[in-house]
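For reference, the structure discussed in these notes is given below.
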Amino acid sequence: MKYVKQKLKDYPDLHWHWYRLEEMKPLVLYDMLALREAIFVVEQSCAYLELDGLDKTAEHLLVTRGETVVSCLRVLPPEGETDHARIGRVAVSSEWRKRGLARSMVQSAIDKMRLDYPSSDICLDAQTYLQGFYLSLGFQVCGDEFLEDGIPHIPMQM
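First residue of the sequence shown: 80, per the working numbering; consecutive thereafter.
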């Protein structure tokens, strides 16, 4: 587990931590998966396999308030010389949206990836309605829109 300095000065009670899956306490892991399921499966009415096996090799940024996970994302390392590092599963609980939390989390992930994988591009598959958000962080569209689990996505990279 690696602690990250607080990113949002207006919310001093938020704590930022990077974890590998095996470093998470069971209750933290449960809360992270429950948050992702609540957003990606229930809120977005999308039945899909949330546990895709990729969490095993990922590093996870969790933002907590007290004992509650309020947001999370994962970073996947590049696989091989031509693959890219990837950001995925960016999730912010509904009560913490519109406060800059997602922007700070993604920027933290970008900073980490630039240190950990300096020769790798950073990629993600954004839900299309979030394209402008990712463009504002420096990502560029790198392919055509596609459907993933019935939701329009656009590939992006920096």
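Note that CB positions come from ideal geometry on N, CA and C, so glycine has one too.
Member of the options whose CA lies at the smallest distance from the CA of residue i
i: L140; options: S173, L100, A126, F218; result: L100
i: Y90; options: Y127, Q123, R178, F119; result: R178
i: D110; options: P156, S124, A170; result: A170
i: L152; options: A181, L130, G145; result: A181
i: F212; options: G159, M235, E158; result: M235
i: D228; options: C125, S199, E138, L133; result: C125
i: M237; options: D134, E174, R165; result: R165
i: S173; options: I233, I118, D92; result: I118
i: E146; options: L226, P105, A137; result: P105
i: D134; options: Y98, W175, L226, I233; result: Y98
Through-space distance from residue j to residue i, alpha-carbon basis
i: V121; j: D195; result: 34 Å
i: V220; j: H96; result: 29 Å
i: P197; j: Y127; result: 33 Å
i: H94; j: D223; result: 37 Å
i: L155; j: M192; result: 9 Å
i: Y208; j: V107; result: 29 Å
i: M103; j: G217; result: 31 Å
i: Q85; j: D92; result: Below a pLDDT of 50, predicted positions are generally treated as unreliable, and Q85, at 49, falls in that range; the measurement from the model is reported next regardless. So the two alpha carbons sit approximately 9 Å from each other.
Anticipated Cβ contact below 8 Å, residue i with residue j, distance rounded
i: S215; j: M184; result: Their Cβ separation, rounded to whole angstroms, is 14 Å, which puts S215 and M184 out of contact at 8 Å.
i: L114; j: V148; result: 5 Å
i: Q210; j: I230; result: With a Cβ gap of about 13 Å, Q210 and I230 do not count as contacting.
i: G167; j: L112; result: No, G167 and L112 are not in contact; Cβ-Cβ is about 14 Å, not under 8 Å.
i: I189; j: H163; result: In fact, because the Cβ distance is near 13 Å, the residues do not count as touching under 8 Å.
i: S199; j: P157; result: 5 Å
Segment limits, beta strand (DSSP E) that includes residue i
i: F225; result: 225-227
i: P231; result: 230-236
i: L209; result: Where L209 is concerned, there is no enclosing beta strand (DSSP E), given that its DSSP letter is neither H nor E.
i: L130; result: Premise fails: L130 is in no beta strand (DSSP E) and is neither H nor E.
Q | Every unbroken beta strand (DSSP E) inside the stretch 149-200 [3 residues or more] | A | 164-171
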